[in-house]
Each structure stands twice: as structure tokens, then as C-alpha cells.
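Under the numbering used here, the first residue of the sequence shown carries the number 1, and numbering increases by one thereafter. Read through the structure below, which is laid out as C-alpha cells, and then see the notes.
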Amino acid sequence: MSETLQDCQRRNGAVWAEDKSSILSFDNDEFALKAIQDGVALCDRTHWGRLQFTEQDRLAFLHNQTTNVFKTLKPGEGCESVFVTSTARTIDLVNAYVTDDSVLLLVSPTRREQLMSWCDRYIFFGDKVKIEDITAQTITFSLLGPESSLVLQKMGISALPESTHHHITTQIKGHTVRVASGSGLTTPGYTLFADAEWGAELWQALTEQGSCPCGDTVWEQLRVIEGRPKPDAELTEDFNPLEAGLWQTISFDKGCYIGQETIARLNTYQGVKQRLWGIQLSEPVSANTPITVGDKKVGVLTSLVETSDGPLGLGYVKTKAGDAGANVSVGSGTGTLLEVPFLTYPQPTPNSTP
Numbered sequence: 001m002s003e004t005l006q007d008c009q010r011r012n013g014a015v016w017a018e019d020k021s022s023i024l025s026f027d028n029d030e031f032a033l034k035a036i037q038d039g040v041a042l043c044d045r046t047h048w049g050r051l052q053f054t055e056q057d058r059l060a061f062l063h064n065q066t067t068n069v070f071k072t073l074k075p076g077e078g079c080e081s082v083f084v085t086s087t088a089r090t091i092d093l094v095n096a097y098v099t100d101d102s103v104l105l106l107v108s109p110t111r112r113e114q115l116m117s118w119c120d121r122y123i124f125f126g127d128k129v130k131i132e133d134i135t136a137q138t139i140t141f142s143l144l145g146p147e148s149s150l151v152l153q154k155m156g157i158s159a160l161p162e163s164t165h166h167h168i169t170t171q172i173k174g175h176t177v178r179v180a181s182g183s184g185l186t187t188p189g190y191t192l193f194a195d196a197e198w199g200a201e202l203w204q205a206l207t208e209q210g211s212c213p214c215g216d217t218v219w220e221q222l223r224v225i226e227g228r229p230k231p232d233a234e235l236t237e238d239f240n241p242l243e244a245g246l247w248q249t250i251s252f253d254k255g256c257y258i259g260q261e262t263i264a265r266l267n268t269y270q271g272v273k274q275r276l277w278g279i280q281l282s283e284p285v286s287a288n289t290p291i292t293v294g295d296k297k298v299g300v301l302t303s304l305v306e307t308s309d310g311p312l313g314l315g316y317v318k319t320k321a322g323d324a325g326a327n328v329s330v331g332s333g334t335g336t337l338l339e340v341p342f343l344t345y346p347q348p349t350p351n352s353t354p
């Protein structure tokens, strides 16, 4: 019997989550973080969802359902986009990859079933679009770190996509792999998609070329350090994508889509009164701890990780509470607001008020 992906990862020291849905660690977190800084690490993101949209209306459908532009995308291109409710509350941040005959969406682990149901609801009679959940039939790995391209070049892939979300199909040991630029974070890297049946062989090939395996513990630490918001933490029905710092995923010029009216109004009338920040904390606290200035609540902590520089969190804070470098209280400790690289916000005009 051929070795499975799980067998291969077990030999690398994998420690799975209690529900076996993902790998927490390879018992090498400190080493993996150093590899991401100076070399390359390999993260198994197969537990993320993969939804495939086919038939001739697929681009128009996604154009009308999410915040970014799809109609002009060509095969080999892609984008980040956000699914929102009719009141512009966030459902999920997704990565889209356009091929010759489909659009592949990489969606958050906890949003796959919800998005399938959500999209099904908006397919009407006469719409030529089909959605298939291909998560079980495929795998997704991400390479993270400055030497990611060197690993792929050693495996014979020379024509790598350069722009984020651009992608190519190539062959590795006789198997077809889709290689997309971007690690899913701001850390340089690539994301690979392939059929599940040869996941073990691909994992083995990547580790043999020097990729250091890393698990969700390291991914979560990087996610918070870099500021990528995630569902059930920063992306909930309490917040919209403008507050979440996802301005790069939103087109203000395209036509109507679900939530468009609310987002346009917030932008036009400068209605964003809170925003997401990184927060360097003096002591660990739990998520959902109120953020205060004096005796006034100005926000809420949404995520927390331990780093080499101490506890670091993400949290929503009212714009009037201050800018980067401002001090706040979080629980019994203090915090300092930090810019984080994943998030984008418009520069305020000289006469604008928060």
C-alpha cells in the first residue's frame, strides 16, 4: 500500500488537532518561524475549502456576489474578494483563481458549507453556473519564505507567476500542479493545488528540497502578526470589510452586487467609525476583552497570540481613539496600536474627520 499524506506528515512529526481536521504543529515552531524569515516553510492548507465554479456565467455570477471585479479577469489571473451580506457584514475573505473553464475559490475552513449554501441560494433559473465542492478531491499547500521560488526551481519550475494571484499549471514528477503566486499572507511564497491522490508525493518532494514543515500554530501566529482577518474572529456579522481593512478587495466602480449599496454609502459619507489594528499587549488577555480609553469602551480584542516580543493581538478600535502608536487599556493591562501589513485603508484627506 502506498504511503498516504498523513503517513508522510506523521514521519515529519505532525501533531493533529483533536478533531483531526488540521495539523497544529510539527513540534518545531521556533525553527519553522526562522525558516519563514530566512528560508522556506511548508504549510498544509488542505483543510481550507475549495469551491469550483463552472459554465459560462461563472465570472458574472461571482462578480455579482462579491466585492471585487471578476468580469475582466483572464485565465491565469485571480484576486482576493469578500462575500458580504446584504447589509455588508462579512462572511469570508476568499482567494479566486480563473482558469480556462472554471474559477477556483480557496475559502476559509469554517466557511465552506455556508458559502456553498449561500451561492446556491442566488442561482436562479436560466443562470448558467455550476458549483462543486472539490475539497475532498484536492490538496492545497503553501510555501512561505524568501527561498520559496528556489525550491520550485529545483523541482524544474522555472516560469513562476510573479504577480500575486497569478497562477500557472505545471508538471512535477509527471503530475499536474497549479502554482499560484502568494502564500495567503504578506510573507512571500506560493500556493499549490493538486489532486489529493498524490498529496504524499508532492509533500515529500517539497520537504526533500529543504522546505520546513509548519502547522496551524505557526500560521495563526503569522496571521495575527501580519493582520489577516479570519472568520469567527475579525470577520463576523458585527463588522464590514471596510472596517476590517480589506479595501484592496473592494471595487467602488463596478455595478451592483450584494452589499454594494451599504459599502458605497459608508465610503461616500466616510461612515467607517472603527478599524482593525494590531495591538502589542503588556499581558495576555482573552479574545472579546473590551478595549478602553479612560472609562470609555472604544473597541474589542478579536485575536491573541504569543510572540517573541510578547502577546500580540488584533482588535477593532474606534477611529477617534487614536492612530498608530496610541495607547489603550485591554483588560487589566495596556496595549499599543500597530499598523499591520495585510490591512489597507485609504489615506485621510486634509479636511476629513474620523
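Note that CB positions come from ideal geometry on N, CA and C, so glycine has one too.
The continuous alpha helix (DSSP H) containing A35 extends over residues D29 to D38. Looking at D216, G126, N327 and L160, the one whose alpha-carbon comes closest to that of D57 is G126.
In the three-state DSSP reduction, D120 falls in the helix class (H, G or I).
The alpha-carbon separation between D27 and V15 amounts to approximately 7 Å.
Uninterrupted alpha helix (DSSP H) stretches at least 4 residues long and entirely within the segment 167-254 occur at 199-208 and 216-226, given in chain order. At least 8 Å separates the beta-carbon of L144 from that of L152.
Between the segment 53-68 and the segment 122-137 there are three or more inter-stretch CB-CB distances shorter than 8 Å, so the stretches are counted as touching. Within the model, the alpha-carbon separation for Y269 versus I263 is close to 10 Å. Per the DSSP secondary-structure output, Y316 pairs in a beta bridge with L276 and V300.
8 Å or more divides the Cβ of N64 from the Cβ of G78. Beta-bridge analysis with DSSP links D101 to no other residue. Judged by pairs of C-beta atoms under 8 Å, the segment 274-287 does not touch the segment 76-90, as fewer than three such pairs exist.
In this structure, L185 places its C-beta atom within 8 Å of the C-beta atom of L222. Between G189 and H165, the beta carbon gap of about 13 Å keeps them out of contact (Cβ cut-off 8 Å). Assigned with DSSP and collapsed to three states, L51 falls in strand. Residue environment: E306 is assigned as exposed (fewer than 16 neighbouring CB atoms within 10 Å of its CB, all protein chains considered).
Closest in alpha carbon position to P146, among C212, W118 and Q114, is C212. When the beta-carbon positions are compared, V103 and W48 stay at least 8 Å from each other.
P229 sits buried, since 16 or more C-beta atoms from the chains shown fall within 10 Å of its C-beta.
Going by DSSP, V84 is part of the beta strand (DSSP E) stretching over G78 to V84.
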